[in-house]
Amino acid sequence: MALLHDIVFDCRHPAAQARFWAELLDDYAVAPYDEAELERLRARGLSGPEEDPTVLVEGPPGAPRMWFVLVPEPKTVKNRVHLDVRAADVEAEGARLRALGAVEVARHENWIVLADPEGNEFCLQPAGRG
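Residue numbers (the working numbering): 11 to 140.
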């Protein structure tokens, strides 16, 4: 049986997208860059983490990792897969996420559809739903 290991986002600005999702999710953070990682970037002619074409966001042990990978083309159509996130107070969390750069796409009775800074849709639902 397969287990979910990584969620990969194609994007135009991996570092910015990684920061957004790390701020969005509890217990997630952009993976730190040690000297070996910084040397890997320098060897590719990149000045630092802001130019990294593959940025990792890690969560608590056992949680899926999130990779943000540079691609040349922009997002052009609606996602065929999206993430659902939960919060105790949907309105307050929606306001926080909009302050981080999310855009409200649609509002339903109990949840909000948002898009991250590059237009990837996700749903914000109340905690405790099945």
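All residues carry an ideal CB built from backbone N, CA and C; glycine is no exception. These numbers were taken from a predicted model, which means no experiment stands behind them.
- Contact annotation: A97 and E60 have beta-carbon atoms that are not nearer than 8 Å.
- For V100, the CB contacts under 8 Å within the same chain, skipping 5 residues up- and downstream, are N120, W121, I122, L134, Q135 and P136 in chain order.
- Looking at the DSSP output, M76 bridges to I17 and V67.
- Distances from the CA of L14 to each of A73, K88, P127 and A112 were compared; the closest alpha carbon is that of A73.
- Here V67 is buried. Its C-beta has 16 or more other C-beta atoms within 10 Å.
- According to the DSSP secondary-structure assignment, Q135 is paired through a beta bridge with R96.
- Within the model, the alpha-carbon separation for N130 versus A41 is close to 22 Å.
- The three-state secondary structure of L124, taken from DSSP, is strand.
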